[in-house]
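J.:
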Amino acid sequence: MAKKIIFALALLCLLAGAIIGYYSYRMLYGPALDLENQSTVFYIKSGSNEQDVLKSLTEVAGLRHPDFAKTLMQKKNYQGNLVVSGKYTLIADMGLNELIDHLRAGNGEEEVLVTFNAARTLSELAGRVAVNIEADSADVAQKLSDPEVARKYGFNSATFISMFFPDTYQMEWDTDADEFVERMAEEYKRFWTAERVQKARSYGLSQSEVSTLASIVQAEQQVHPDERKVIAGLYLNRLKKGMRLQSDPTVVYAVGDFSINRVLTKHLSTPSPYNTYMNAGLPPGPINLPSKQSIDAVLNADQNKYIFMCAKADFSGYHAFATNLNEHNRNARAFQRALNERKIYK
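So, in structure tokens, the structure goes:
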């Protein structure tokens, strides 16, 4: 009888061990996450510890066994410097053992694509950049608006915007504000080769002045980039002759109302250093983020004799150019009639 009891107890212990082993195996190697899709992106913020990671995994990725995960993290010494910030890809069928090994290996340096185009101000730029990297938009905006930071890279508050080329960049997700600015400084230096610097000097312009003119050219022609060299040539002609640029986009920038479709006489007298109807020469800085292509359009400007231009009356997006005022006035009247016909009054 005693042997039967001992056998039964042994069998019971064996069964209990098997059950515990089975569930332990399931927790270790079975799907650790409750994901709706086959994979998800998981972010570990800078300064996070293992408790923060555990909490985020539970809240964001549906971690199935948080208590067991905590024990396993301790056994694998996943803490301190081994908690690496970054962007991680988690797979739905990833087991807990594999998951923690993946995080512990610090393979979170997956790069993200940071794209910013058509920003008019550095504050707009900050908002667009911060969507894709860890840095908060307020931190980026503060860095971009700091005159000392601008001076560090050889700019002032008005020209600093010219250091940021609109494009798509690969960056690590945990890029902070300082690292972002430094990366843009590197891109700026890489673009401005000795050849480009020499071309700028041949026009009597600094790099920042080229960027400022490029921003105007870009604002004038947003539809057909092939026309930018012609426009650049026209503005260079006006600068050489000491004529005011009289660029409508600078007036719109000065007014600060970017919904304006028709620049009116009342707008032309807007007091602002950016208003090229009121002031001679170039504005203090760019009126947008000029692209590399727009800058190259200025550096390789068309050698023409135009000093006037007006949008074509066919609304094709191209311009009617003129070498004299009489010809320009004819073009301008045709365009004004076209605006009136379409009832575009402001």
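First residue of the sequence shown: 0, per numbering that gives the first Met the number 0; consecutive thereafter. Using N, Cα and C, we set each Cβ at its ideal position, and we do this for glycine too. This structure is a prediction, so every number in the text was calculated from the model and none was measured.
Can you list, in chain order, the residues of its chain whose CB lies under 7 Å from that of Leu338, leaving out five sequence neighbours each side?
T.: Contacts found: Arg261.
J.: From this set, Ser144, Phe41, Gln220, which residue's C-alpha is nearest Gly316's C-alpha?
T.: Considering only alpha carbons, the answer is Gln220.
J.: On a CA-only basis, which of Glu123, Lys239, Arg127 is nearest Ala279? Give me that one, please.
T.: Of Glu123, Lys239, Arg127, the residue nearest in Cα terms is Lys239.
J.: Helix, strand or coil for Val111, going by three-state DSSP, please let me know.
T.: If DSSP states are grouped into helix, strand and coil, Val111 belongs with the strands.
J.: Return the CA-CA distance between Ser268 and Ile259, expressed in angstroms with no decimal places.
T.: Answer to the nearest angstrom: the Cα atoms are 15 Å apart.
J.: Helix, strand or coil for Met170? Go by DSSP, reduced to three states.
T.: Strand.
J.: Do Pro285 and Ile160 have their CB atoms nearer than 7 Å?
T.: Yes, they are a contact pair.
J.: Tell me where the beta strand (DSSP E) around Ile43 begins and ends.
T.: 38 to 43 is the span of the beta strand (DSSP E), which, as asked, contains Ile43.
J.: Below 8 Å on the Cβ atoms is my contact criterion, and I expect Arg227 with Ala296 to pass it. Report the Cβ-Cβ distance as a whole number of Å.
T.: So it is a contact: roughly 4 Å between Cβ atoms.
J.: For a test of the three-state rule: what should DSSP assign to Lys228, helix, strand or coil?
T.: In this structure, Lys228 counts as helix in the three-state DSSP scheme.
J.: Look up Ile90 in the DSSP assignment and say whether it is helix, strand or coil.
T.: Strand, per DSSP.
J.: Is it buried or exposed, Met242, if we count other Cβ atoms within 10 angstroms and call 16 or more buried?
T.: Looking at its Cβ environment, which holds fewer than 16 other Cβ atoms inside 10 Å, Met242 is exposed.
J.: So does the stretch 170 to 188 actually touch the stretch 129 to 149, counting three or more Cβ pairs closer than 8 Å?
T.: In short, these stretches touch, since the Cβ pair count reaches three.
J.: Between which two residues does the alpha helix (DSSP H) harbouring Ala253 extend?
T.: Where Ala253 is concerned, the enclosing alpha helix (DSSP H) stretches over 247 to 254.
J.: To which residues of the same chain is Gln217 closer than 6 Å at the C-beta, ignoring the five residues directly before and after it?
T.: Same-chain partners within the cutoff: Pro289, Ser293.
J.: Would DSSP call Gly61 helix, strand or coil?
T.: Gly61: coil per DSSP, three-state reduction.
J.: Among Gly85, His318, Pro272, which has the Cα closest to the Cα of Tyr305?
T.: Checked all of Gly85, His318, Pro272; the closest Cα to Tyr305 is His318.
J.: Spell out the partners DSSP gives Pro30 in its beta bridges.
T.: According to DSSP, which records beta bridges pairwise, Pro30 is partnered with Gly94.
J.: Within its chain, find whatever has a CB closer than 6 Å to the CB of Leu56; leave out the 5 residues flanking it on each side and keep chain order.
T.: Excluding sequence neighbours, Leu56 sits near Leu62.
J.: So for Arg332, helix, strand or coil by DSSP?
T.: The answer is helix: DSSP assigns Arg332 an H, G or I state.
J.: Excluding five sequence neighbours on each side, which residues of the same chain lie with their C-beta closer than 7 Å to the C-beta of Leu281?
T.: Same-chain partners within the cutoff: Glu208, Thr211, Leu212.
J.: So what does Ala319 bridge to, in DSSP terms?
T.: Its beta-bridge partners are Cys309.
J.: Output the distance between the C-alpha atoms of Gln169 and Ala331, rounded to the nearest integer angstrom.
T.: Going from the Cα of Gln169 to the Cα of Ala331 covers about 45 Å.
J.: Measuring only the C-alpha atoms, how far is Ser205 from Lys188?
T.: Going from the Cα of Ser205 to the Cα of Lys188 covers about 14 Å.
J.: Suppose only complete runs of 3+ residues qualify. What are the beta strand (DSSP E) ranges in the stretch 147 to 219, listed by chain order?
T.: Here the runs fully enclosed are 166 to 171.
J.: Over the uninterrupted alpha helix (DSSP H) stretch that includes Val301, give me the two end residues.
T.: Sequence check: residue 301 is Asp here, not Val. Note, Asp301: premise wrong, no alpha helix (DSSP H); not H, not E.
J.: Quick one: residues in its chain with C-beta nearer than 7 Å to the C-beta of Ala157, no 5 flanking neighbours on either side, listed in chain order?
T.: Counting only Cβ-Cβ distances below 7 Å, and skipping sequence neighbours, we find Pro283, Gly284.
J.: Exposed or buried, what is Asn287 when buried is set at 16 or more other beta-carbons lying within 10 Å of its beta-carbon?
T.: Asn287 comes out buried.
J.: For the candidate residues Thr70, Thr39, Leu112, Tyr87, whose alpha-carbon lies nearest to that of Phe179?
T.: Closest option to Phe179, Cα to Cα, is Leu112.
J.: Is there a Cβ from chain C that is less than 7 Å from the Cβ of Thr269?
T.: Among the protein chains of the structure shown there is no chain C, as only one such chain exists.
J.: For Gly85, name the three-state secondary structure that DSSP assigns.
T.: It is a strand residue.
J.: Report the rounded CA-to-CA distance for Leu263 versus Arg182, giving the unit in angstroms.
T.: Straight-line Cα distance between these residues: approximately 41 Å.
J.: Does the separation of the CB atoms of Phe41 and Tyr87 fall below 7 Å?
T.: Yes, the pair counts as a contact, with Cβ atoms nearer than the cut-off.
J.: For Asn36, which residues from the same chain have a beta carbon less than 8 Å from its beta carbon, with the 5 sequence-adjacent residues on both sides left out?
T.: So the qualifying residues of the chain are Ala91.
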